[in-house]
Amino acid sequence: MLIVSILLFQIIHSTEIIHPKDVRIGMEGFGLSTFQGSKIDTFEVKITGKLPPSTTGEEIIIAELKGDVIDEAGILSGMSGSPVYINGKLLGAVAFGWTFSKKPICGITSFMDMKRGGASSNFGSQGITPIKPVLNASGFHPSSFSLLDSIPGNFIISSGQTGGVTMELTPFVPGGVCGVSLVTGDGNISLMGTITEVRGDTIYAFGHPAFGTGSSSLPLCEGGVSGYLPSLYRSFKFLNPGDIVGTILFDGNSGVKGLLKREPPMVDCKININNIKREYKITKMKNLLPQLSAFLLFSNWMEEIGVYNPVTIKGSFLLYTNQGIVALHPVLSGNRLQYDLYGRLLESLLFIQDNWYEGVSIDSIKMDMVALDEIRKYRIKKLKLKKKEFKVGEEVILSVIIDRYRRPDTTITYNFNVPDEPCKLMIRVSGRDEFIEFERERFPLQFRFDSFSEWKNFVNSLPSRDRVVFSLYKKGAVIGTEEGELKDIPISLHSVLSRDSDSQFIDFFSIYKEDNILLGPVRGEATEIIEVRR
């Protein structure tokens, strides 16, 4: 045992590499991996073949593995990255396998490919596929796990009592455990595998992609093993993440490369839903942040509200960016609202990150929601006036009939004085969505933005969906420009201003707007035209 330990110490601290072209069929060696706790075990390796090299990478070496655990369970998910040594020199990482193989035969990514970030040959051909790494997801509602399929990569999910943050960590050496963390805090999502090599503060692992991000700034974590499960379908390790210890710099076909002691960029995320108050940190990688944020919202909703409960929710999504705050105010009512919320948050984050105008980074997210245990929906049915002609300065009293979900109708009354001059007025009462659609048709230029800041300010000014929007428009000579509405323009100037392609004629211009807040979302619209005479 002492001799084996001394040999492992010498191997782990060796820098010698064997080139794949120097490897011959029949050669034997050993590999390192962790199957229980923090103890790094050895297994036997016998070279059985090679796959021809690609134009961008070295050969994949084919080998048969033997050992107590492997003889019982075969090649396990979570072994990706396990280093293989031939004649005391590092060959590469256990990384590939074949589904339903009768023997524990694997494909080895050469360390030369891993070091330079080259592409492994024959990736995906002849039935060879990466050994699925283990995605540890702990602290989340089971119904939410299917949403993790939206994350790029090919992995198996480990959750429940086998998840969480382990207290028994492997040493950060070849054969030890490492992971790529996506979420930390009140829950954890980490893709776990095995360390192939450590050189100074640089680590190499997996031997195949984690998420395939290429250049990366993903968090690197340590980890441990709480056991393994032999299975006829797919055996796997119970791998648990530890603390973040560095940053993944590259994530490609030949594996991941990380740097210890470098702090990765992460986004603070706070979620409050009724009595639930959670705090997380999420990787700032743009191709992962939107899906993960929406996943966290969905999971916490399922825990607090459930699947089918009829509710009405009002909330706010505050998205703090390097260009200021974007404030969204969802108002929804019905059953299974978790999917609607998931989609709205995902779509908003994707738009902000991929917006037309400029690069925008999201620095933190705060979500607050209050749910009422009943459905509250409203629909505007009609607008009632006693007459449609008024004298200048006369008071107008109008009633808006509103249909309530499974309740009697209700009425909102408005009163105002018409202008002191003859004119034609348009009275509109609408929900938020109908108001926006009408304004888009009436005055399209106000929906044209030249910068992200303009778009952000516009979004922040929109009414929420629980508003009845009462608006008055006056018919007149109006030209709309990007700066706003130019009202009461003399007829003599129309022909001059109309030559400007960035101007448009408008029949009615806005003179007043008022919002009334209800307990749930409002839909529908009603319009009346009145005449003001002397």
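All residue numbers for the sequence shown refer to our numbering, where the first residue is 508 and numbers rise by one.
For each residue, glycine too, the CB sits at the ideal point set by N, CA and C.
On a predicted model such as this, the values are computed, not experimentally measured, just so you know.
Going by Cα to Cα distance, which pick from the options is closest to residue i?
i, options, result
"residue 1042", "577, 618, 579, 980", "What is shown of the chain runs 508 to 1041, which leaves residue 1042 out entirely."
"residue 660", "1035, 773, 594, 795", "795"
"residue 466", "723, 682, 773", "Residue 466 is absent from the model: the chain starts at 508 and stops at 1041."
"residue 859", "588, 961, 697", "961"
"residue 1019", "750, 935, 704, 928", "935"
"residue 735", "576, 952, 943", "576"
"residue 807", "878, 742, 928", "878"
"residue 842", "654, 874, 882", "882"
"residue 677", "719, 634, 732", "732"
"residue 1014", "1030, 544, 1037, 980", "980"
"residue 956", "949, 950, 965", "965"
"residue 749", "700, 781, 773, 624", "700"
"residue 612", "623, 593, 635, 772", "635"
"residue 835", "821, 845, 844, 829", "821"
"residue 776", "870, 763, 837", "870"
"residue 833", "817, 845, 872, 803", "872"
"residue 910", "1027, 880, 804", "1027"
"residue 892", "923, 558, 844", "923"
"residue 783", "978, 804, 568", "804"
"residue 1037", "706, 894, 788", "894"
"residue 569", "948, 698, 615", "615"
"residue 1016", "780, 978, 1034, 587", "978"
"residue 587", "945, 698, 679, 953", "698"
"residue 1030", "788, 907, 554", "907"
"residue 830", "786, 868, 940, 819", "868"
"residue 949", "982, 847, 557", "982"
"residue 745", "665, 774, 764", "665"
"residue 816", "844, 837, 622", "844"
Tell me whether residue i is buried or exposed, calling it buried when 16 or more other Cβ atoms sit within 10 Å of its Cβ.
i, result
"residue 915", "exposed"
"residue 918", "exposed"
"residue 1021", "exposed"
"residue 850", "exposed"
"residue 503", "Nothing can be reported for residue 503: it is not among the residues displayed for the chain, which extend from 508 to 1041."
"residue 566", "buried"
"residue 620", "buried"
"residue 532", "exposed"
"residue 739", "exposed"
"residue 546", "exposed"
"residue 839", "buried"
"residue 968", "exposed"
"residue 536", "buried"
"residue 541", "buried"
"residue 525", "buried"
"residue 643", "buried"
"residue 607", "exposed"
"residue 663", "exposed"
"residue 772", "exposed"
Keeping to the same chain, check which residues put their C-beta closer than 7 Å to that of residue i; ignore five residues upstream and five downstream.
i, result
"residue 925", "897, 899, 900, 901, 903, 932, 1039"
"residue 590", "538, 539, 597, 600, 681, 682, 703, 704"
"residue 1024", "973, 974"
"residue 1093", "The requested residue 1093 does not occur in the structure, where the chain is confined to residues 508 to 1041."
"residue 801", "849, 852, 853"
"residue 708", "766, 767, 768"
"residue 550", "537, 538, 540, 572, 573, 574, 577"
"residue 667", "At residue 667 the pLDDT is 48, less than 50, meaning the model places this residue with poor confidence; the figure from the coordinates comes in the next sentence. So no residue of the chain qualifies."
Which residues in the same chain as residue i place their Cβ atom closer than 8 Å to its Cβ, once the five residues preceding and following it in sequence are excluded?
i, result
"residue 958", "864, 865"
"residue 862", "959, 962"
"residue 721", "757, 758, 759"
"residue 742", "580, 581, 582, 583, 584, 735, 736"
"residue 927", "899, 900"
"residue 523", "595, 596, 597"
Within 8 Å of any Cβ in chain D, is that where the Cβ of residue i sits?
i, result
"residue 801", "No chain D appears in the structure shown, which is made up of a single protein chain."
Once you ignore the five residues that flank residue i on each side, which residues in its own chain have a CB closer than 6 Å to its CB?
i, result
"residue 675", "544, 545, 731"
"residue 657", "798"
"residue 912", "882, 884"
"residue 937", "976, 1032"
With a threshold of 7 Å (Cβ to nearest heavy atom), would residue i be considered close to the ligand HEM?
i, result
"residue 942", "The ligand content of the structure shown is nil, which means the ligand HEM is not present either."
Practice item. Count the CB pairs spanning the segment 886 to 899 and the segment 802 to 814 that are closer than 8 Å, and state whether there are at least three. Key: no
Check your understanding: Are the segment 707 to 727 and the segment 819 to 836 in contact at 8 Å, needing three or more beta carbon pairs?
Key -> no
Review point. Within the chosen definition, does the segment 791 to 806 reach the segment 745 to 754 through at least 3 CB pairs nearer than 8 Å?
Key: Taking a cut-off of 8 Å for Cβ pairs, the segment 791 to 806 and the segment 745 to 754 do not touch, as fewer than three such pairs fall below it.
Practice item. Would you check if the segment 707 to 714 and the segment 599 to 614 touch, i.e. whether three or more CB-CB distances between them fall below 8 Å? Key: yes
Review point. Which runs of the beta strand (DSSP E) fall wholly inside the segment 760 to 829 and span at least 3 residues, in chain order?
Key: 762 to 767, 773 to 780, 783 to 790, 818 to 828
Review point. Whole alpha helix (DSSP H) runs in the segment 607 to 694 with 4 or more residues, listed along the chain?
Key: 618 to 623
Review point. Going along the chain, which unbroken runs of the beta strand (DSSP E) with 3 or more residues stay wholly within the segment 863 to 893?
Key: 869 to 879, 885 to 892
Practice item. Entirely within the segment 913 to 964 and at least 4 residues each: give me those alpha helix (DSSP H) ranges in chain order. Key: Qualifying alpha helix (DSSP H) stretches, in chain order: 939 to 949.
Practice item. Starting from the N-terminal side, write out each stretch of the beta strand (DSSP E) that is 3 residues or longer and does not extend beyond the segment 561 to 604. Key: The beta strand (DSSP E) runs of length 3 or more contained entirely in the segment 561 to 604 are, from start to end of the chain, 567 to 573, 590 to 593, 596 to 604.
Check your understanding: What beta strand (DSSP E) runs, 3 residues minimum, are completely inside the segment 719 to 761?
Key -> 721 to 736, 743 to 759
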